[in-house]
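2 protein chains.
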Amino acid sequence: MAGRPREFDIDTALDRAIEVFFKKGYEKASLDDLTSAMNIKRPSLYKAFGNKETLFRTALETYHDRDLNQLRTLLSSEANPIKGVEVALLAIANNHIETKLGCLIANSGNMVHNDEGYDEIQEMLQKLIQNNEDTLYTHFESAKEHGYLSQDEDERALAQYFNGVLQGMAVIGRINNSSEALLNIAHQAIRIISD
Amino acid sequence: MAGRPREFDIDTALDRAIEVFFKKGYEKASLDDLTSAMNIKRPSLYKAFGNKETLFRTALETYHDRDLNQLRTLLSSEANPIKGVEVALLAIANNHIETKLGCLIANSGNMVHNDEGYDEIQEMLQKLIQNNEDTLYTHFESAKEHGYLSQDEDERALAQYFNGVLQGMAVIGRINNSSEALLNIAHQAIRIISD
DNA sequence: TCAATTATGTACTGAACAGTAAAGTAACAA
DNA sequence: TTGTTACTTTACTGTTCAGTACATAATTGA
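Residue numbers (numbering that gives the first Met the number 0), protein chains in the order written: chain F, 0 to 194; chain P, 0 to 194.
Written out as structure tokens, the structure is:
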């Protein structure tokens with residue numbers, strides 16, 4: 000027997016929560032900040048999302064899913080997978096220029112090694128970073144198979160490198176948002192696989 | 000007229016504060032955490048450092064001074080300035096592998112755009128990142144002058160790129176501390192200026 | 001020895017916080 | 001229409017936090 004239905008859309012509420020966590024970070028995002036942005040009251044939030052930490056984990060995962068899908072789409076947007084990397088880096092640079100918020104995962108890095116009960120968040124952050132790397136790895140593996148990448152290249156090293164570059168762009172995009180710097184990072188980074 | 004002398008060493012106390020801020024971040028570092036690590040009581044901290052925010056700014060500045068000095072030393076540790084960049088990146092990678100803490104500045108990126116009265120910290124973080132870039136710029140400028148770098152290279156773009164790579168290594172060093180990844184980032188990153 | 005000054009230790013304050021209890025209310029099924 | 005379920009509202013709880021008042025201790029200068 001179904002009771003009273005939820006009066007708010009859980010996905011749009013989650014989107015608002017992501018925004019708040021993005022701007023303020025986990026600690027500084029108070030429940031008043033969250034509930035007012037989500038347009039719901041406190042007990043509704045607890046019913047729907049558990050508590051602040053599980054809400055944050057849900058937000059992290061949703062954010063990351065979108066981010067990873069965007070990355071995959073960009074990487075494979077060109078027939079030439081090397082050109083795809085360039086397209087992806089430039090698009091992500093421009094995205095940072097627009098939002099000025101960096102990356103929710105990179106922003107949350109200070110929650111790692113915190114011995115304050117953030118164990119699950121820590122594991123999740125590590126997993127999400129690894130997913131990014133693995134997506135890049137798969138891309139370079141395929142590029143090599145199809146002859147777009149020299150057999151001398153180490154696709155794992157390339158994946159780790161570009162993953163690092165992406166995190167670096169996120170930090171610059173947040174702290175010192177300079178379109179010149181972000182675009183230069185993207186342009187220089189791809190030189191190692193451009194001829 | 001001098002009163003009762005301070006019973007603790009202000010520099011070692013500041014070092015302990017840096018450690019706490021590094022591990023926990025600004026928000027999560029409580030005054031109890033700080034005072035117990037610094038081995039002083041609350042009023043002594045306020046007398047010596049003002050308040051939590053000014054203590055953090057002092058910690059940030061001290062950390063950054065050391066960091067920048069280390070970078071300059073590493074960059075100029077070889078006769079060949081290009082080799083110096085390689086030495087610096089590898090040393091910093093190994094440092095991340097040891098500490099697993101990332102970079103205090105990159106870790107504090109989520110305090111930017113926070114509209115919660117972090118204006119001075121925000122400005123400081125931007126300035127410190129810019130100092131890093133300028134140090135790299137000066138290095139590449141000198142390298143070009145001395146014929147170690149092609150005239151076609153844009154030393155500002157190179158500085159911004161390596162600055163980004165350094166921030167990326169800090170994020171990876173904190174969240175997903177993998178020596179393989181960190182060393183691969185360093186090795187791949189310098190390829191653009193290695194022959 | 002005493003006054004002036006500065007540090008220290010204890011204990012407190014008010015505010016902000018995450019989470020919840022309790023009562024009211026709206027929508028569903030029978 | 002009735003019983004049931006589940007959402008909403010309000011107000012509260014206990015805790016943690018940054019910062020401070022006050023008394024005390026240690027130094028210097030006169």
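Just so it is clear, CB atoms sit at the ideal spot from N, CA and C, and this is done for glycine as well.
Just so you know, these numbers come straight off a predicted model, no measurement behind them.
Inter-residue Cα distance where the pair is residue i and residue j
i	j	result
SER43/F	THR34/F	9 Å
CYS102/P	GLY108/F	10 Å
TYR25/F	GLY163/P	24 Å
VAL86/F	ALA47/P	52 Å
ASN205/F	ALA28/P	Residue 205/F is absent from the model: chain F starts at 0 and stops at 194.
ARG41/F	LEU30/F	7 Å
ILE192/P	HIS138/F	25 Å
PHE20/F	LEU100/F	10 Å
GLU77/F	ILE184/F	21 Å
ILE104/P	GLU119/P	14 Å
ARG71/P	GLY49/F	49 Å
ASP194/F	LYS143/F	15 Å
GLY146/P	ARG65/P	29 Å
LEU73/P	SER141/P	15 Å
GLU115/P	TYR62/P	24 Å
ALA58/P	GLU18/P	9 Å
GLN125/P	ARG56/P	13 Å
ASP14/F	VAL111/P	21 Å
LEU181/F	ASN113/P	21 Å
ALA169/F	LYS51/P	27 Å
MET123/F	THR53/F	12 Å
ASP10/F	GLU97/F	23 Å
ILE128/F	PRO80/P	32 Å
ASN130/F	GLU60/F	12 Å
PHE161/P	LEU148/F	24 Å
ASP32/F	TYR45/F	14 Å
LEU88/P	ILE171/P	14 Å
GLU179/P	LEU165/P	16 Å
GLN159/F	ASN106/P	20 Å
ALA90/F	ALA36/P	44 Å
SER75/P	TYR117/P	35 Å
Chain P contact for residue i (CB, 8 Å cutoff)
i	result
ASN113/F	yes
VAL170/F	yes
LYS143/F	no
ASN183/F	yes
ASN109/F	yes
HIS186/F	yes
ARG56/F	no
LYS99/F	yes
ALA180/F	yes
ASN175/F	yes
GLY116/F	no
TYR160/F	yes
Chain F within 8 Å of residue i, Cβ atoms only
i	result
LEU157/P	yes
ASN106/P	yes
LYS40/P	no
ALA16/P	no
GLU60/P	no
VAL164/P	yes
LYS51/P	no
ILE9/P	no
GLY146/P	no
ILE81/P	no
LEU255/P	Lying outside 0 to 194, the shown extent of chain P, residue 255/P is not represented and no answer is given.
ILE191/P	yes
LEU124/P	yes
ILE128/P	yes
Residue i classed as buried or exposed, judged by whether at least 16 other C-beta atoms fall within 10 angstroms
i	result
GLN150/F	exposed
ALA16/P	buried
HIS95/P	buried
ASP23/P	Note on identity: in this sequence residue 23/P is Lys, with Asp being the wrong assignment. Buried, since its Cβ has 16 or more Cβ neighbours within 10 Å.
GLY167/F	buried
ALA12/P	buried
ASN38/P	exposed
LYS1/P	Going by the sequence as given, residue 1/P is Ala instead of Lys. Exposed, because fewer than 16 other Cβ atoms sit within 10 Å of the Cβ of ALA1/P.
ASN68/F	exposed
* Asked: Do the stretch 124-135 of chain P and the stretch 155-162 of chain F meet, that is, are 3 or more Cβ pairs less than 8 Å apart?
  -> no
* Asked: Three or more C-beta pairs closer than 8 Å, one from the stretch 174-193 of chain F and one from the stretch 75-89 of chain F: is that the case here?
  -> Counting Cβ pairs under 8 Å, three or more are found: they touch.
* Does the stretch 6-13 of chain P come close enough to the stretch 171-181 of chain P that 3 or more CB-CB pairs lie under 8 Å? -> no
* In chain order, which alpha helix (DSSP H) runs of at least 4 residues are fully inside the stretch 0-72 of chain F? -> Within the stretch 0-72 of chain F, the complete alpha helix (DSSP H) runs of at least 4 residues are 9-27, 30-37, 41-48.
* To do: Let me know the alpha helix (DSSP H) ranges lying completely inside the stretch 102-126 of chain F, each 4 residues or longer, listed in chain order.
  => If you keep only unbroken alpha helix (DSSP H) runs of at least 4 residues inside the stretch 102-126 of chain F, you get 103-106.
* alpha helix (DSSP H) segments (min. 4 residues) lying fully within the stretch 141-181 of chain P -> 154-174
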